[in-house]
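One structure is given here, and the rest of the page talks about it.
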Amino acid sequence: MAEDMNRNAEGLDLPPMMWLDKEFAAAPQPGIETLAVLAQAGFRSVICNRPDEEVAADACAAAMEAAARAAGLGFAAIPVRHAPITPAMIAAQTEAMAALPGPVFAYCRAGFRSSVIWALAQAGRKPTADIMAALERAGFAMPGLEAQIEELATAR
Numbered sequence: 372m373a374e375d376m377n378r379n380a381e382g383l384d385l386p387p388m389m390w391l392d393k394e395f396a397a398a399p400q401p402g403i404e405t406l407a408v409l410a411q412a413g414f415r416s417v418i419c420n421r422p423d424e425e426v427a428a429d430a431c432a433a434a435m436e437a438a439a440r441a442a443g444l445g446f447a448a449i450p451v452r453h454a455p456i457t458p459a460m461i462a463a464q465t466e467a468m469a470a471l472p473g474p475v476f477a478y479c480r481a482g483f484r485s486s487v488i489w490a491l492a493q494a495g496r497k498p499t500a501d502i503m504a505a506l507e508r509a510g511f512a513m514p515g516l517e518a519q520i521e522e523l524a525t526a527r
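Numbering (our numbering), first residue to last: 372 to 527.
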């Protein structure tokens, strides 16, 4: 799907993004006007992993959700702070990824937290080596995350 998305996006002003798998791209927060462009490019859902306290009111999750829904996109807000990612956050991300139609565009400030929570939500669903390789391809090599992914996979 990612290759098709890139092909379909020719001529569209898409934000930079990192494809973690064929149905999930992580990115820095786009402008509100970009959500309609994402829909035109073939995205079907958006996950906001950026807490409202990091952004101005016109870029808060509620404003982004309204714009996403107006563009025909599904939307979920799962704020991920810089403190440890909690089991509740991982569960919410897992549920949203299962419920929302893909491909999904997830964002935070730089795409890092969206990538990390994607990786943790994939624990036990994909081989850990594949998850780690996806993070590395996206520019987020995090060898220290491997043990946590393995632990989550074992618990599932």
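Glycine included, C-beta positions come from ideal geometry on N, C-alpha and C. If you're wondering where the values come from, they're calculated on a predicted model, not measured in any experiment.
- If you compare the alpha carbons of Gln-400, Lys-393, Arg-440, Val-426 with that of Ser-416, the shortest gap goes to Arg-440.
- Counting of Cβ neighbours within 10 angstroms places Pro-387 among the exposed residues, the total staying below 16.
- A direct Cα-to-Cα measurement between Ala-434 and Leu-406 gives close to 11 Å.
- The residues Met-389, Leu-391, Ala-397, Leu-506, Ala-509, Phe-511, in chain order, have a CB closer than 7 Å to that of Ser-486 in the same chain once the five nearest residues on each side in sequence are set aside.
- With a cutoff of 8 Å on beta-carbon distance, Val-451 and Ile-403 are scored as not near each other.
- For Asp-392, the enclosing beta strand (DSSP E) begins and ends at 389–392.
- A distance below 8 Å separates the beta carbons of Ala-494 and Leu-523.
- Check the Cα spacing between Leu-385 and each of Glu-517, Thr-525, Ala-412: the tightest is with Ala-412.
- Three or more Cβ pairs closer than 8 Å define a contact, and the region 444–463 meets that threshold against the region 419–429.
- Secondary structure note for Val-487: its alpha helix (DSSP H) is the uninterrupted segment 483–493.
- Boundaries for Pro-458: no beta strand (DSSP E) harbours it, while the alpha helix (DSSP H) harbouring it runs 458–470, taken from the DSSP string.
- In the three-state reduction of the DSSP assignment, Ile-502 falls in the helix class, which pools H, G and I.
- Distances from the alpha-carbon of Met-460 to those of Ala-442, Arg-484, Cys-431, Gly-445 put Arg-484 closest.
- Glu-425 and Pro-401 have their C-alpha atoms spaced approximately 14 Å apart.
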